[in-house]
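Participant: Protein chains in written order, with my numbering: chain Z, 1 to 114; chain E, 1001 to 1114. Built from N, CA and C at the ideal position, the CB exists for glycine as well. Values in this document were obtained by computation on a predicted structure and should not be read as measured data. Here it is: the structure, laid out below.
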């Protein structure tokens, strides 16, 4: 069965500092992995996805994530945080044999301090 | 082009009443998903439609929940005899299908059961 663990329900960084949001997954087959962002009172917006091509995936708004099979991780990073990055971030996994339905982590709320 | 739309954006109902939530997917998307987002349970898969195939109902929490998709487009999620624990944000997503289809989410319907 698939599962996703996001370490840290809340992360706080200073503006301009590195953002690192952690995600570990469990899957019996090579998974598809996603990061979504949710701003207050809005739906989920796709940041980036991994679908077995390049292990380093670049997304929107300067975010990127690296798939590490040996560590079963898919951590999200951004070199320099901006105030507009404050939101909740969800890591998700899907498997084609399960109809690509997404299994989400619990989410990490990112706070950016000025 | 237009994204996924959901209506109503907010719904307040009394315990025991039935409610219907509507989702209009992106035109041409063959796959449609419903998820529920609640404080206690996070983001949970509810049901999945793919083309003309039988829906995957494995995530529906009880037989009070049902959904249909008419003409391969619009979907309605129905909750009968609502309970307070049904209070949540109900999110719809659509996808072009295929193994690597990304899911695009609507803004959600916030359901409050009094």
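(1) Chain E beta carbons: is any one of them nearer than 8 Å to that of residue 21/Z?
(2) Sorted by chain position, which residues of the same chain lie with C-beta nearer than 6 Å to residue 49/Z's C-beta, five sequence neighbours on each side aside?
(3) Counting only Cβ-Cβ distances shorter than 9 Å, please list the residues of the region 86–113 of chain Z near chain E, keeping chain order.
(4) From the DSSP output, in three-state form, read off residue 1010/E for me.
(5) Tell me which residues of the region 1054–1081 of chain E have at least one Cβ-Cβ distance to chain Z shorter than 9 Å, keeping chain order.
(6) Taking beta-carbon pairs under 7 Å, can you tell me which members of the region 1035–1055 of chain E lie near chain Z?
(7) What separation, rounded to the nearest whole angstrom, lies between the Cα atoms of residue 71/Z and residue 1072/E?
(8) Can you name, in chain order, every residue of its own chain whose Cβ lies under 7 Å from the Cβ of residue 1069/E, other than the five neighbours on each side?
(9) Does the beta carbon of residue 42/Z come closer than 8 Å to any beta carbon on chain E?
(10) Less than 8 Å separating the beta-carbons of residue 20/Z and residue 36/Z?
(11) In the DSSP output, what is residue 1080/E paired with across the bridge?
(12) From the DSSP output, read off the bridge partner residues of residue 24/Z.
Facilitator: So, from the data block:
(1) At a cut-off of 8 Å between beta carbons, residue 21/Z makes no contact with chain E.
(2) Excluding five sequence positions before and after residue 49/Z, the CB atoms of its chain that fall closer than 6 Å to its own CB belong to 34, given in chain order.
(3) Listed by position along the chain: 90, 92, 94, 96, 98, 99, 100, 101, 102, 103, 104, 105, 106, 107.
(4) In this structure, residue 1010/E counts as strand in the three-state DSSP scheme.
(5) Listed in chain order, the positions of the region 1054–1081 of chain E with a beta carbon within less than 9 Å of a beta carbon of chain Z are 1056, 1058, 1059.
(6) Per Cβ criterion, the list reads 1042, 1043, 1045, 1048, 1050.
(7) Approximately 40 Å between the Cα atoms of the pair.
(8) In chain order, 1032, 1049, 1075 place their CB closer than 7 Å to the CB of residue 1069/E, counting only its own chain and leaving out the 5 sequence neighbours on each side.
(9) Output row for residue 42/Z: interface = yes.
(10) With contacts defined by Cβ atoms closer than 8 Å, residue 20/Z and residue 36/Z do not form a contacting pair.
(11) According to DSSP, residue 1080/E bridges with nothing at all.
(12) According to DSSP, residue pairing for residue 24/Z in a beta bridge involves 5/Z, 73/Z.
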